[in-house]
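Residues 7 to 392 in this note's numbering are what the sequence shown lists, from first letter to last. Virtual Cβ for every residue (Gly too), placed ideally from N, Cα, C. Let me begin by presenting the structure, written as structure tokens, before commenting on it.
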Amino acid sequence: MRITIVTGFFLPVPPLRGGSTEKIWHRLAGEFARAGHAVTFVSRRWPGLPDRETSAGVTHIRIPGTDHSRSLAANLWHDLRWGLRVARVLPPGDAVICNTVTLPVWLRAVKPAAGKVVAVLARMPKGHGRAYGRVDLLLALSARVAEQLKAENAALAPRLAPFPYPIDYELHVRARRQAAPAGPTLTIGYVGRIHPDKGIRQLVAACAALVGHRGLPDWRLELTGPWAVPEGGGGEAFRTELEREFGGILGPRLRFAGPEFDPARLADRYAALDLFCYPSRDRGETFGVAVAEAMAARTAVVVSNLPCFAELVNPGRTGLVYDHEAPDAETRLAHRLALLLQDSALRAELADAAQSHVARYDYAASARDILATLARCTGPNPGPGI
């Protein structure tokens, strides 16, 4: 097949500045090429990267983009302009995989030679069902995403296919095996954008409540990820606000580790954690790649009770869940963190089960599934995705 992959307007590929979407589709593009398919990747132009090149069997086309904004309206405008630029450079093909919002709406009508239009539902649908009537295939990151889309437009049901974001399972397993033995200080970790929507303040406040808690081993909180707005963070002011509010209580226990874009070094950061918490309150969340990666690293996880995490975390079996919308949410989270800090046997039990559970999300298996779905979609008798 001739497959074109399109990512968004604000990050480069290879994922020099991070981004789950960019990281995942860069890796999948390589898997597709190794399987014998002709793969083209359209991404943002970036200093140090050529506008056109072929690397590892993948043809890269890089065009002008722009930085991410705080404004949803501005980002949608940038997305529309980005789609227009993308359409001009798309080669003839069998399928175009769109990791954008507006491009799938009109691409089929404007450039049918580019191939079947595939939309990746990386956010919880908010009217997408009404706009995506001309899309040929929709990849849903979770069952909850698929349900929401069908509620918006039942006619799209035959064109839906499951696509839980893949992870480099073996990389994380290997990093954990090679990690230094745990020291006397346990590390609670978070990996992701340092943004209010991710529930960061709730996590930091819960940890502040643990200070002085009797019976706990020594611990610290490490936050890995970007806070700069162009990289999707909440800005320097948000980080400063957290340090001002909680720095006096937490002191050296609180560490902003900054972003890490190298996959191997990021895997080492996961492997150094004893607990992982993803307290997101963002209803647009669709899967939770960072949660799956932490689980692959054999780390006990605590997550908010967003529906998107249900396929990853079975409460009491593969992790712990707390109600992030409860009036006493910080207390509930603090209780679960304290429980795991105190109980090493429970940490190990949850971590073992978590690692086994996410083996199914490895890249090789995901690539095979997507290629089979694309073959059905582009064949002479396209079949339903689900």
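query: Coil, strand or helix - Ala167 by DSSP; result: strand
query: Neighbourhood of Lys122 by C-beta distance below 6 Å, restricted to the same chain and skipping five residues each side; result: Ala101, Asp142, Cys383, Thr384
query: Touching by the beta-carbon criterion (3+ pairs, under 8 Å), the segment 247-260 and the segment 150-158; result: no
query: Three-state secondary structure assigned by DSSP to Arg8; result: strand
query: Contact set for Arg8: own chain, Cβ-Cβ below 6 Å, skip 5 residues either direction; result: Ala44, Gly99, Asp100
query: Start-to-end residues for the alpha helix (DSSP H) that takes in Val116; result: 109-116
query: Segment limits, alpha helix (DSSP H) that includes Ala373; result: 369-384
query: Cβ neighbours of Val107 in the same chain (closer than 7 Å, five flanking residues each side left out); result: Leu82, Asp85
query: Meets three-Cβ-pair contact criterion under 8 Å: the segment 370-379 and the segment 306-319; result: no
query: Same chain, Cβ closer than 8 Å to Ile200, neighbours up to 5 away in sequence not counted; result: Ile206, Leu229, Gly231, Pro232, Trp233, Gly239, Gly240, Phe244, Arg245, Phe262
query: Completely contained beta strand (DSSP E) runs for the segment 276-306, where each covers 3 or more residues; result: 281-284
query: Length of the line joining the Cα atoms of Pro190 and Leu377; result: 46 Å
query: Inside the segment 185-234 only - beta strand (DSSP E) runs reaching at least 3 residues; result: 192-197, 225-230
query: Residues sharing a beta bridge with Ile103, DSSP; result: Ile11, Val124
query: Minimum C-alpha distance to Pro258 - residue among Phe282, Val210, Met130, Pro269; result: Val210
query: Pair within 9 Å by beta-carbon distance, Ser75 and Gly198; result: no
query: At least 3 beta-carbon pairs within less than 8 Å: the segment 217-224 vs the segment 179-186; result: no
query: Supposed contact pair Pro170 and Glu317 - C-beta distance, whole angstroms, cut 8 Å; result: 7 Å
query: At least three beta-carbon pairs within less than 8 Å, the segment 19-32 to the segment 273-290; result: no
query: Whole-angstrom distance between Ile255 and Ile392, CA atom to CA atom; result: Confidence in Ile392 is poor, its pLDDT being 40 and thus under 50, which makes the residue's placement unreliable; the coordinate value appears in the next sentence. Roughly 51 Å separates the two Cα atoms.
query: Rounded separation between Asp274 and Val179 - CA only; result: 10 Å
query: Pick from Ile194, Phe15, Leu260, Trp31 that is closest to Asp73, judged by C-alpha positions; result: Phe15
query: Alpha carbon of Arg68 to alpha carbon of Val95, nearest angstrom; result: 9 Å
query: Simplified DSSP assignment, three categories, for Ser77; result: coil
query: Backbone CA spacing between Pro56 and Val64 [nearest angstrom]; result: 13 Å
query: Classification of Leu346 by the beta-carbon crowding that lies within 10 angstroms, buried from 16 upward; result: buried
query: Minimum C-alpha distance to His341 - residue among Ser350, Leu326, Ile173, Ala359; result: Leu326
query: Assumed close pair Ile11, Ile103 - CB separation to whole angstroms, cut-off 8 Å; result: 5 Å
query: Host beta strand (DSSP E) of Ser362 (start-end); result: Not the beta strand (DSSP E): Ser362 falls in the alpha helix (DSSP H), residues 350-363.
query: DSSP beta-bridge partners of His66; result: Phe47, Glu59
query: Straight-line Cα distance separating Ala302 from Gly353; result: According to the sequence as given, residue 353 is Arg; it is not Gly. C-alpha separation (whole angstroms): 14 Å.
query: Status (buried if at least 16 other CB within 10 Å, exposed otherwise) for Pro390; result: The predicted model places Pro390 with a pLDDT of 48, which falls under 50 and marks its position as unreliable, so this point remains unresolved.
query: Distance CB(Glu291)-CB(Leu312) smaller than 9 Å; result: yes
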